[in-house]
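> Before anything else, here's the structure in question.
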């Protein structure tokens, strides 16, 4: 075990709810000053400064000096990915007999504590998460492109045909090691979004089409004007399809 990474230092830093709250407020990749983070975490500026100092010393945050003000942001994209993984783990470890596991999530990970841009559209591993993704998943179901069975999600013949017309080929995705389609729990929406290789392919399509862009080092994805139009009508039944 001598080569195993030591995660106890990071775990100790994130174990404090106030520090976790400030980290969570920075998940969109923004830089915020001490006073703003103090307000978000319910701390005095002096207490927030002490906590932020510990997070910076631990390598989780980097500091930017702008005149007399100090701004803090996540030190690396991997930090944001690790925190989001903890949010997902919170849901996965909740008691299975509780119908709505999201109600048992830690207060630190409640969606209202996250930046609005992160809630709307973000990276979830290699696919799209957030409100945009959850809405898309529901449209895929309603349009009959996918079927959600007890323990799996399958792409229907109609779905394969429609997706192929948009440059996403299910047969090609099936040759990858990853699951083709799965319902990925969305921590901010309390409903699933599309995971698996299909989820990754859809995100790639949206970004290559210029419908989604990634500003700076953020995990939050920005919806363009074209994306606002195209993604929201993706998988919507056309009048011709409905007539058939």
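Residue numbers (my numbering): 1455 to 1698. Positions of the beta carbon are idealized from the N, C-alpha and C atoms, including for glycine.
Can you say whether residue 1647 is buried or exposed, counting buried as having 16 or more other CB atoms within 10 angstroms of its CB?
As a working mapping, residue 1647 is identified with position 193 in the chain shown. Classification of residue 1647: buried, given that the 10 Å Cβ count is 16 or more.
> Ordered along the chain, which non-local residues of its own chain (more than five positions away) have a Cβ less than 6 Å from that of residue 1645?
Position 191 of the chain shown holds residue 1645. 1588.
> Using the Cβ count rule (16 or more neighbours within 10 Å means buried), how would you classify residue 1638?
As a working note, residue 1638 is residue 184 in the chain shown. The residue in question, residue 1638, is buried, as its Cβ has 16 or more Cβ neighbours within 10 Å.
> To test your reading of the DSSP string, which unbroken alpha helix (DSSP H) runs of 4 or more residues are found completely within the segment 1599-1653?
Segments of the alpha helix (DSSP H) lying fully in the segment 1599-1653: 1611-1618, 1624-1628.
> Given 8 Å as the limit, is there contact between the segment 1648-1664 and the segment 1619-1636, that is, 3 or more CB pairs closer than that?
yes
> Does DSSP put residue 1593 in a helix, in a strand, or in coil?
The count along the chain shown starts at 1 and reaches residue 1593 at position 139. Under the three-state reduction of DSSP output, residue 1593 falls in the helix class.
> Hey, residue 1584 and residue 1574 are a contact pair by Cβ (cut 8 Å); roughly how many whole angstroms apart?
Position 130 of the chain shown, counting from 1, holds the residue named residue 1584. Position 120 of the chain shown, counting from 1, holds the residue named residue 1574. Between residue 1574 and residue 1584 the Cβ distance is about 5 Å, and since that is below 8 Å, they are a contact.
> Alpha carbon to alpha carbon, what distance is there between residue 1577 and residue 1473?
If you number the chain shown from 1, residue 1473 lands on position 19. If you number the chain shown from 1, residue 1577 lands on position 123. Going from the Cα of residue 1473 to the Cα of residue 1577 covers about 23 Å.
> Which first and last residues belong to the beta strand (DSSP E) in which residue 1664 is found?
As a working note, residue 1664 is residue 210 in the chain shown. Looking at the DSSP string, residue 1664 is not in any beta strand (DSSP E), and its letter there is neither H nor E.
> Leaving out the 5 sequence neighbours to the left and right, which residues in its chain are closer than 8 Å to residue 1678 when beta-carbon positions are compared?
Mapped onto the chain shown, residue 1678 falls at position 224. Closer than 8 Å at Cβ, skipping near neighbours: 1664, 1665, 1666, 1667.
> Taking residue 1483 as part of the beta strand (DSSP E), name the residues at either end of that continuous run.
Position 29 of the chain shown, counted from the start, is the residue given in the question as residue 1483. Looking at the DSSP string, residue 1483 is not in any beta strand (DSSP E), and its letter there is neither H nor E.
> Hey, how far is the Cα of residue 1681 from the Cα of residue 1687?
On the chain shown, residue 1681 is found 227 positions in, with the first residue counted as 1. On the chain shown, residue 1687 is found 233 positions in, with the first residue counted as 1. Our two residues, residue 1681 and residue 1687, have alpha carbons roughly 10 Å apart in a direct line.
> Quick check on the burial criterion: 16 or more other C-beta atoms within 10 angstroms. Buried or exposed for residue 1559?
To locate residue 1559, count along the chain shown from 1; it is residue 105. Caution is warranted here: a pLDDT of 39 is assigned to residue 1559, below 50, making its placement in the model unreliable, and the coordinate value is therefore given only provisionally. Buried: at least 16 other Cβ atoms inside 10 Å.
> Does the contact criterion of 3 or more C-beta pairs under 8 Å hold for the segment 1502-1515 versus the segment 1461-1477?
The segment 1502-1515 vs the segment 1461-1477: in contact.
> Within a Cβ cutoff of 6 Å, which residues of the same chain sit near residue 1676, ignoring the five residues on either side of it in sequence?
Residue 1676 sits at position 222 when you count from the first residue of the chain shown. Taken in chain order, the residues that qualify are 1667, 1669.
> State yes or no: is the C-beta of residue 1571 within less than 7 Å of the C-beta of residue 1674?
In the chain shown, counting from the first residue as 1, residue 1571 sits at position 117. In the chain shown, counting from the first residue as 1, residue 1674 sits at position 220. It is a contact, given that the beta carbons lie within the stated cut-off.
> Rounded to a whole number of angstroms, what is the C-alpha to C-alpha distance between residue 1601 and residue 1640?
As a first step, residue 1601 is located in the chain shown; it is residue number 147 there, counting from the start. As a first step, residue 1640 is located in the chain shown; it is residue number 186 there, counting from the start. Near 18 Å, if we compare the C-alpha coordinates of residue 1640 and residue 1601.
> What would DSSP say about residue 1680, mapped onto helix, strand or coil?
By one-based count along the chain shown, residue 1680 stands at place 226. It is helical.
> Hey, how far is the Cα of residue 1684 from the Cα of residue 1590?
In the chain shown, residue 1684 corresponds to position 230, counting from 1. In the chain shown, residue 1590 corresponds to position 136, counting from 1. Distance between the alpha carbons of residue 1684 and residue 1590 is about 11 Å.
> Compute the Euclidean distance between the alpha carbons of residue 1661 and residue 1540, then round it to the nearest angstrom.
By 1-based counting over the chain shown, the position of residue 1661 is 207. By 1-based counting over the chain shown, the position of residue 1540 is 86. Straight-line measurement puts the Cα of residue 1540 at about 26 Å from the Cα of residue 1661.
> For residue 1511, does the three-state DSSP call read helix, strand or coil?
Residue numbering aside, residue 1511 sits at position 57 when the chain shown is read from its first letter. In the structure shown, residue 1511 sits in a helix (DSSP, three-state: H, G or I).
> Can you tell me whether DSSP reads residue 1473 as helix, strand or coil?
Translated into positions along the chain shown, residue 1473 becomes position 19. Helix at residue 1473.
> So what's residue 1584 in DSSP terms, helix, strand or just coil?
Here residue 1584 refers to the residue found at position 130 when the chain shown is read from its first residue. Of the three classes helix, strand and coil, the one that applies to residue 1584 here is coil, per DSSP.
> Which residues bound the beta strand (DSSP E) around residue 1528?
Numbered from 1 along the chain shown, position 74 holds the residue referred to as residue 1528. Boundaries of the beta strand (DSSP E) around residue 1528: 1523-1528.
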